[in-house]
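All remarks here apply to the structure that follows.
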Amino acid sequence: MHFPTTIDKRIANWVSRQLNESWLGDVDRCSSFSPDPDLPDNFVAVRPNDYSGSGFSRGHITRSGDRSNNRIDNCSTFLMTNILPQTQDNNGGPWLELENLSQDLAREGKELYIISGGNGEGGTGTKGFATEIGKPKISVPATFWKVVVVLDRPGLGNRGVTEETRVIAVNMPNVPGIQKKSYKDYLTTVDSLEELTGYDFLSDVLEEIQKVIEAKKDAE
8 MHFPTTIDKR IANWVSRQLN ESWLGDVDRC SSFSPDPDLP DNFVAVRPND YSGSGFSRGH
68 ITRSGDRSNN RIDNCSTFLM TNILPQTQDN NGGPWLELEN LSQDLAREGK ELYIISGGNG
128 EGGTGTKGFA TEIGKPKISV PATFWKVVVV LDRPGLGNRG VTEETRVIAV NMPNVPGIQK
188 KSYKDYLTTV DSLEELTGYD FLSDVLEEIQ KVIEAKKDAE
């Protein structure tokens, strides 16, 4: 896989990845989901049919289209460690809108660093509220969050992050009825997401820069 993942409660806690135009192409979308063969032996491997009849979609954390330059990379996004129980209205609504914006920025020559995951327990799918699904008791997140750091061009890395760097942070409820909502309706700050999740995002960025960009809500 070309994106690091941490696992707990049968789902990924978070997934982090880079996105620029070099990751994008026109390879055919992988045809099926599959268990992650790299999980340690003491982990329960979630299978695609564990989501069947649950009322939740198999929601990609890293979008398959963000790894469309070759088949191996694309199929890695269909491993079940890159999947969370997500309502279709979230998946195909504001979450998709932000995914599309991210791809547009990458095609314009930007380089993005993206971290995303789920938080809390309990979402409302087509069969009602649930905290777990499937035989392995897969945890259903209450919200889906994402942090997108937008750099002017590929190759800048941490040195390209300044107090003016655009950072998009969102936290979206895992519920029906939001398909026509915009991701902008769920904008928040990195500081707020850190308080919510307990994670320290952008920890490799200079502290004085972190203080500025983590406190700002995206206004573009």
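So for the sequence shown, the numbering used here puts the first residue at 8; every next one is plus one. Virtual Cβ for every residue (Gly too), placed ideally from N, Cα, C. Model, not experiment: these values are computed from the prediction.
#### Entry: C-alpha distance - residue 100 paired with residue 56, whole-angstrom precision
Here the question's residue 100 lines up with position 93 in the sequence shown. Here the question's residue 56 lines up with position 49 in the sequence shown. One Cα belongs to residue 100, the other to residue 56, and the distance between them is close to 24 Å.
### Task
Can you say whether residue 97 is buried or exposed, counting buried as having 16 or more other CB atoms within 10 angstroms of its CB?
Your numbering for residue 97 matches position 90 in the sequence shown. By the 16-neighbour rule on beta-carbons within 10 angstroms, residue 97 is buried.
### Cα-Cα separation, residue 24 to residue 130
As a working note, residue 24 is residue 17 in the sequence shown. As a working note, residue 130 is residue 123 in the sequence shown. Taken atom to atom, the span from the alpha-carbon of residue 24 to that of residue 130 is near 25 Å.
#### Entry: Contacts around residue 216, its chain only, beta-carbon distance under 7 Å, and the 5 residues preceding and following it disregarded
Position 209 of the sequence shown, counted from the start, is the residue given in the question as residue 216. Same-chain partners within the cutoff: 168, 169, 170.
### Message
Is it buried or exposed, residue 43, if we count other Cβ atoms within 10 angstroms and call 16 or more buried?
### Response
Mapped onto the sequence shown, residue 43 falls at position 36. Residue 43 is classed as buried because its beta carbon has at least 16 other beta carbons within 10 Å across all chains shown.
#### Entry: Expected contact under 8 Å - CB spacing of residue 132 and residue 59 to nearest Å
The sequence position of residue 132 within the sequence shown is 125, counting from 1. The sequence position of residue 59 within the sequence shown is 52, counting from 1. Contact doesn't hold; Cβ gap of about 12 Å is too wide.
#### Entry: Nearest neighbour of residue 173, chosen from 121, 114, 21, 50 [CA to CA]
Residue 173 sits at position 166 when you count from the first residue of the sequence shown. Ranking 121, 114, 21, 50 by CA distance to the CA of residue 173 puts 121 first.
### Message
I'd like the list of long-range same chain contacts for residue 70, defined as Cβ closer than 6 Å, with 5 residues on each side in sequence excluded.
### Response
Taking the sequence shown and counting its residues from 1, one reaches residue 70 at position 63. Cβ neighbours of residue 70 beyond the five flanking positions: 106.
### Message
Taking the beta strand (DSSP E) that residue 20 belongs to, which residues open and close that run?
### Response
To locate residue 20, count along the sequence shown from 1; it is residue 13. Annotation: the continuous beta strand (DSSP E) that includes residue 20 extends over 18-26.
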